[in-house]
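Whatever position you read off the sequence shown (first residue = 1), add 1413 for the working numbering. Each residue gets a CB set at the ideal place from its N, CA and C atoms; glycine is no exception. Working notes, structure below.
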Amino acid sequence: MPGPRSRVRSDFALRLLLEKIIEYGLSDHTRNLVEDAQRHMGYRSPYRGGRTLTDLLRQAHAGARSEDDQDTAERLEDALSYATNVMLAPDLEIKYQLLGGARGQHANALTSFMSIFATFAADQVRTFLDEHPQATRDELMAYLDEMKRLVITDVAGAAGVFQVSRSINEQATWMTEVLLDRLHTDDSGVGVTPTAEASAEEIADVVLLRARRRALRKLDAVVLNRHSSERDLQRALEKNLWVFGGTQLADRLGPRRISRGIELDLTLLRPDGTVHVVELKRAAVPLLTHQRGRWVPTNKVHRAVAQAMNYLVVLDEDRTRLAEQGIDVRRASAAVIIGHPQFEEEASENEVDAALRVYNSHLSRVEVVTYKQVVNRADRVLRLVE
1414 MPGPRSRVRS DFALRLLLEK IIEYGLSDHT RNLVEDAQRH MGYRSPYRGG RTLTDLLRQA
1474 HAGARSEDDQ DTAERLEDAL SYATNVMLAP DLEIKYQLLG GARGQHANAL TSFMSIFATF
1534 AADQVRTFLD EHPQATRDEL MAYLDEMKRL VITDVAGAAG VFQVSRSINE QATWMTEVLL
1594 DRLHTDDSGV GVTPTAEASA EEIADVVLLR ARRRALRKLD AVVLNRHSSE RDLQRALEKN
1654 LWVFGGTQLA DRLGPRRISR GIELDLTLLR PDGTVHVVEL KRAAVPLLTH QRGRWVPTNK
1714 VHRAVAQAMN YLVVLDEDRT RLAEQGIDVR RASAAVIIGH PQFEEEASEN EVDAALRVYN
1774 SHLSRVEVVT YKQVVNRADR VLRLVE
């Protein structure tokens, strides 16, 4: 899959998004910064872009963050991601409904694509088996694997004739991401099925298991979406505190602004009142880099850990006041959830896990885990219960 293009994108979709950001509401200061970006773009096509546009968007984003306006900051982050070709056009159109019926149009396109491709694949399999009646399963799978590299383009000067091409456009890139990374089967029948003789308690347990299995799939979909922001991940996890079971034993959320000067992503309270801080970073970030022939955590991981450590220091200093509120921070701990092996360009999942094990062994009250590890732990818990 091709990497992002260096050209700054400035088009009607970005123009509509900036208008929506203003409509949603924001401070006068941040509004002036967004309007600066609008004035630079101009009010009709062709819109001006370039580094000036990205600088203006970054200034507006920084302004929203300085005012603790997380919603506006997330929207401006999406605008900047789109302008720099990190966020794909269909994702932007669907998330903000920039064009009438964008969500339905893209869903219909995916449905049609799946139907056509299923028909094409079935025909190819029939043809292959007719020509190779003694083919083994591995031979058939090898034949199907060849189809992954097919990209179809039209032949110049031959109307209605197509050929295999290596080129790929943004719509195809988006479809590939959705079909491979974000398309999840809603199998509500996963898990135990209650018998006719089951008690009300047993039936309730089965219903809860199925609900949690569906919730885990939805959480995994958010994690595997490379464009999910920290806020997207925070919302998904807030709805599923049960995934923090096991060693953390968290049963409810505490206040995010638990102490002056800090705002935590998630404040988990154990049954005994002690605090477990969760610092969330994006899933699509690099976790490892090479240093003298070994995999070591990147600066993004180090900075996240330092941030979590700072939170624990502030809580320690404020422990007397918090104790009066029934919150015990003397034994507080923290987890940094960051990255996913799928988004690592070179390191394998085993290498990620091994490097983080070594790294965590040198930490005291902070643990670094990936979103894959969080989902896997929750999945194991469900399998044990099932």
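- Query: From Ala-1697, Leu-1701 and Leu-1735, pick the residue whose C-alpha is nearest to that of Asn-1763; which is it?
  - Reply: Nearest of Ala-1697, Leu-1701 and Leu-1735 to Asn-1763, Cα basis: Leu-1701.
- Output the distance between the C-alpha atoms of Ser-1802 and Tyr-1456, rounded to the nearest integer angstrom. Not covered by the structure: residue 1802. The range shown for the chain is 1414 to 1799.
- Message: Can you give me the C-alpha to C-alpha distance between Trp-1708 and Ser-1642, rounded to a whole angstrom?
- Response: Each residue's CA atom was taken as its position, placing Trp-1708 and Ser-1642 some 26 Å apart.
- Return yes when the Cβ of Thr-1524 is within less than 8 Å of the Cβ of Ala-1477, no when it is not. Remark: C-beta atoms of Ala-1477 and Thr-1524 do not approach each other more closely than 8 Å.
- Query: In whole angstroms, what separates the C-alpha of Arg-1670 from that of Arg-1550?
  - Reply: Distance between the alpha carbons of Arg-1670 and Arg-1550: 58 Å.
- Determine, using beta carbons only, whether Val-1698 and Leu-1679 come nearer to each other than 8 Å. Note that the C-beta distance between Val-1698 and Leu-1679 is not below 8 Å.
- Message: Quick check on this structure: which residue in Leu-1505, Arg-1695, Ala-1426 and Arg-1683 has the alpha carbon closest to the alpha carbon of Asp-1645?
- Response: Ranking the options by Cα distance to Asp-1645, first place goes to Arg-1695.
- Query: Can you tell me whether DSSP reads Pro-1699 as helix, strand or coil?
  - Reply: The answer is coil: DSSP assigns Pro-1699 none of H, G, I, E or B.
- Query: So what's Arg-1743 in DSSP terms, helix, strand or just coil?
  - Reply: Note: Arg-1743 maps to strand in three-state DSSP.
- Task: Could you tell me if Ala-1486 is buried or exposed, where buried requires 16 or more neighbouring beta carbons within 10 angstroms of its beta carbon?
- Result: Classification of Ala-1486: buried, given that the 10 Å Cβ count is 16 or more.
- Item | Contact belief for Val-1688 with Ala-1745 at Cβ below 8 Å, rounded distance in angstroms | Confirmed, about 4 Å.
- Message: Give me, in chain order, the residues of the same chain whose beta-carbon lies closer than 6 Å to that of Pro-1710; leave out the 5 immediate sequence neighbours on both sides.
- Response: Result list for Pro-1710: Tyr-1772, in chain order.
- Query: Closest to Gly-1462 by CA distance: which of Leu-1553, Gly-1438, Arg-1428 and Asp-1441 is it?
  - Reply: Nearest C-alpha to Gly-1462: Arg-1428.
- Item | Nearest-angstrom Cα separation, counted from Gly-1438 out to Leu-1637 | Rounded to whole angstroms, Leu-1637 to Gly-1438 spans 30 Å at the Cα level.
- Query: How about Leu-1769 and Val-1779: do their beta carbons lie closer than 8 Å?
  - Reply: At the C-beta level, Leu-1769 and Val-1779 stay beyond 8 Å of one another.
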